[in-house]
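J.: For reference, the structure I am asking about is given below.
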Amino acid sequence: MIILACYKSTLAATSAVNTIVSGRIYIGRVDQDALRPNILMEMPESGQEYTHSGPSGLFEAHVKITARADTDQAAFTLGEAIARALQNWTGTALNCKVQMTEHFNSMGGYDDAAKVFTQVEEFTSFFTRTA
Numbered sequence: 046m047i048i049l050a051c052y053k054s055t056l057a058a059t060s061a062v063n064t065i066v067s068g069r070i071y072i073g074r075v076d077q078d079a080l081r082p083n084i085l086m087e088m089p090e091s092g093q094e095y096t097h098s099g100p101s102g103l104f105e106a107h108v109k110i111t112a113r114a115d116t117d118q119a120a121f122t123l124g125e126a127i128a129r130a131l132q133n134w135t136g137t138a139l140n141c142k143v144q145m146t147e148h149f150n151s152m153g154g155y156d157d158a159a160k161v162f163t164q165v166e167e168f169t170s171f172f173t174r175t176a
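So the mapping is simple: this note's numbering equals the position in the sequence shown, first residue as 1, plus 45.
Take a look at the structure:
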């Protein structure tokens, strides 16, 4: 799940995102009562990165990033900031060199159990490990 750590680092360094969430970016899970707005990052396909050329080759991952907020507008605004920050993003962060980031889906909603508005942004990422 190195790609999630890479994107977390990238979003935390993006002022348009971090101004809203103040570092509240979670990987894998977030407590229902966590201070909002916040971001939840996941990999829906069983948390796996798929390789095309063995452990040193090109990896592919489907990344789901959920903006969570107390209002629909706040969730939408945070989701848009996430999409702008990562759409077509390439670069190196931590031990990951991202060669392509493709934003392919946006979807708003409401999580009744958690009583939180959501804006889901989904990406496909192609990357290699640098270490």
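Note that beta-carbon positions come from the ideal geometry of N, C-alpha and C, so glycine has one too. From a predicted model like this one, the values you see are computed outputs, not experimental measurements.
#1: With C-beta atoms as the reference, is residue 120 less than 8 Å away from residue 114?
#2: Are the CB atoms of residue 56 and residue 70 nearer to each other than 8 Å?
#3: Strictly by DSSP, which residues pair up with residue 103?
#4: Per DSSP, which residues does residue 155 bridge with? Please list them.
#5: Starting from the Cα of residue 150, find the closest Cα among 156, 159, 168 and give me that residue.
#6: Count the other CB atoms within 10 Å of the CB of residue 111; is the residue buried (16 or more) or exposed (fewer)?
#7: Since residue 137 is in the beta strand (DSSP E), which residue starts that stretch and which ends it?
#8: Taking the continuous beta strand (DSSP E) assigned at residue 87, which residues delimit it?
#9: Taking 8 Å as the threshold, find out whether the region 100–109 comes into contact with the region 59–79 through three or more Cβ pairs.
#10: If we ignore side chains and look at the alpha-carbon of each, how far apart do residue 142 and residue 162 end up?
#11: Which of the three DSSP states, helix, strand or coil, is assigned to residue 150?
#12: Go to residue 75, then tell me how far its alpha helix (DSSP H) extends in each direction, as first and last residue.
#13: From residue 131 to residue 147, what does the alpha carbon distance come to, in whole angstroms?
#14: Per DSSP, which one or two residues make a beta bridge with residue 31?
T.: Based on what the coordinates show:
#1: As a working note, residue 120 is residue 75 in the sequence shown. As a working note, residue 114 is residue 69 in the sequence shown. Yes; because the gap between Cβ atoms is below 8 Å, this pair is in contact.
#2: In the sequence shown, residue 56 corresponds to position 11, counting from 1. In the sequence shown, residue 70 corresponds to position 25, counting from 1. The answer is yes: Cβ separation under 8 Å.
#3: Within the sequence shown, numbered from 1, the residue matching residue 103 stands at position 58. BP columns for residue 103 are empty, so no partner.
#4: Position 110 of the sequence shown holds residue 155. DSSP output for residue 155 lists 162 as bridge partner(s).
#5: Reading the sequence shown from its first residue, position 105 is the one you call residue 150. Checked all of 156, 159, 168; the closest Cα to residue 150 is 168.
#6: Residue mapping note: residue 111 aligns to position 66 of the sequence shown, counting from 1. With 16 or more other Cβ atoms within 10 Å, it is buried.
#7: Taking the first residue of the sequence shown as position 1, residue 137 is located at position 92. Segment 136–138, the beta strand (DSSP E) holding residue 137.
#8: Stepping through the sequence shown from its first residue, residue 87 is reached at position 42. 83–87 is the span of the beta strand (DSSP E), which, as asked, contains residue 87.
#9: Touching, no.
#10: For the purposes of this step, residue 142 is taken as the residue at position 97 of the sequence shown. For the purposes of this step, residue 162 is taken as the residue at position 117 of the sequence shown. The alpha-carbon atoms of residue 142 and residue 162 are separated by roughly 32 Å.
#11: Locating residue 150 in the sequence shown gives position 105, where the first residue counts as 1. DSSP places residue 150 in strand when its eight states are reduced to three.
#12: Your numbering for residue 75 matches position 30 in the sequence shown. Unbroken run through residue 75: none, as it is neither H nor E.
#13: If you number the sequence shown from 1, residue 131 lands on position 86. If you number the sequence shown from 1, residue 147 lands on position 102. CA-CA distance, residue 131 to residue 147, rounds to 8 Å.
#14: This structure leaves residue 31 out entirely; the chain is present only between 46 and 176.
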